[in-house]
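Its first residue numbered 1, the sequence shown is counted upward by one per residue in UniProt numbering.
Worksheet: the structure to be examined is printed underneath.
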Amino acid sequence: MPLPSIHDFTAEAADPAHYAALDGDWSLAVADVVASTRLAAEGRHRDVNFVAAAVVAVLSEAVREPEQPAACQFGGDGAIAAVPPGRRAAAEQALAALAHWAATEMDVPLRVGLVPVRALLDEGLEVLVALQDFGNGDAFGPVPRARGHGGGRLGEGRSALAAGAATRPADRARGRVLPLETR
1 MPLPSIHDFT AEAADPAHYA ALDGDWSLAV ADVVASTRLA AEGRHRDVNF VAAAVVAVLS
61 EAVREPEQPA ACQFGGDGAI AAVPPGRRAA AEQALAALAH WAATEMDVPL RVGLVPVRAL
121 LDEGLEVLVA LQDFGNGDAF GPVPRARGHG GGRLGEGRSA LAAGAATRPA DRARGRVLPL
181 ETR
């Protein structure tokens, strides 16, 4: 499914007509640096930013489909990506590798998870997504919004993500699906 683009953020971002609703076959990949405020206070803000930027780079490659920009967005101390059907395994592997690398090489704990959009739909939430298009083939996203339970931007409330179940890559081999941790 090609994702729609927002060309004028000020004029279009608040209009749901510029978004596509993700169906239950999609997932949301999420990553968050644990205790990023403490790490920054310790003078490690560059490590936090480096790990978060690495998440964007690696997830963008993992979820990219031909002829479609990756729907991955930086969030300061983490990122969120829309994972198309068929790219979930690649996203899981990328998240597991990122969490391991961040912990062992950077000494930065990284919380990762995959939230099935189906779980959010079952909670009465509609996940709307668009890409921010800057022209010349440069786009980033998703610009996610959730409707239901009061609506609003999905990124404003981690409770919307916590409403679903997240498969932690390390636990997938054991067949366990755990709730995504929130802070």
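Even glycine gets a Cβ: it sits at the ideal position worked out from N, Cα and C.
Only a predicted model underlies this, so the values are computations on that prediction, with no experimental measurement involved.
Taking C-beta atoms as the reference points, Ala53 and Ala71 fail to come closer than 8 Å.
Partner residues in the beta bridge of Ser5, as assigned by DSSP, are Leu131. In the displayed model, Ala103 falls within a helix according to three-state DSSP. Contact between Leu95 and Ala29 holds, with the beta-carbon distance rounding to 6 Å and staying under 8 Å.
Here Gly24 has Pro116, Val117, Arg118, Leu121 as same chain residues with Cβ atoms under 8 Å from its own Cβ, once five neighbours each way along the sequence are excluded. Comparing alpha-carbon positions, the option among Leu128, Ala97, Ser36, Pro66 lying closest to Tyr19 turns out to be Leu128.
In this chain, the beta strand (DSSP E) harbouring Val30 covers 27–33. In this chain, the beta strand (DSSP E) harbouring Arg111 covers 110–116. Per DSSP, Ala82 is one residue of the beta strand (DSSP E) stretching across 78–83. At a Cβ-Cβ threshold of 8 Å, Val112 and Asp77 do not count as neighbours.
Around Val51, the same chain offers Val33, Ala102, Met106, Val108, Leu110 as residues with beta carbons nearer than 7 Å, after the five sequence neighbours per side are excluded. For Ala90, the three-state secondary structure derived from DSSP is helix. By the 16-neighbour rule on beta-carbons within 10 angstroms, Ala79 is buried. Here Ser36 is actually not in contact with Ala91; their C-beta atoms are around 22 Å apart, not less than 8 Å. Boundaries of the alpha helix (DSSP H) harbouring Ala57: 45–63, taken from the DSSP string.
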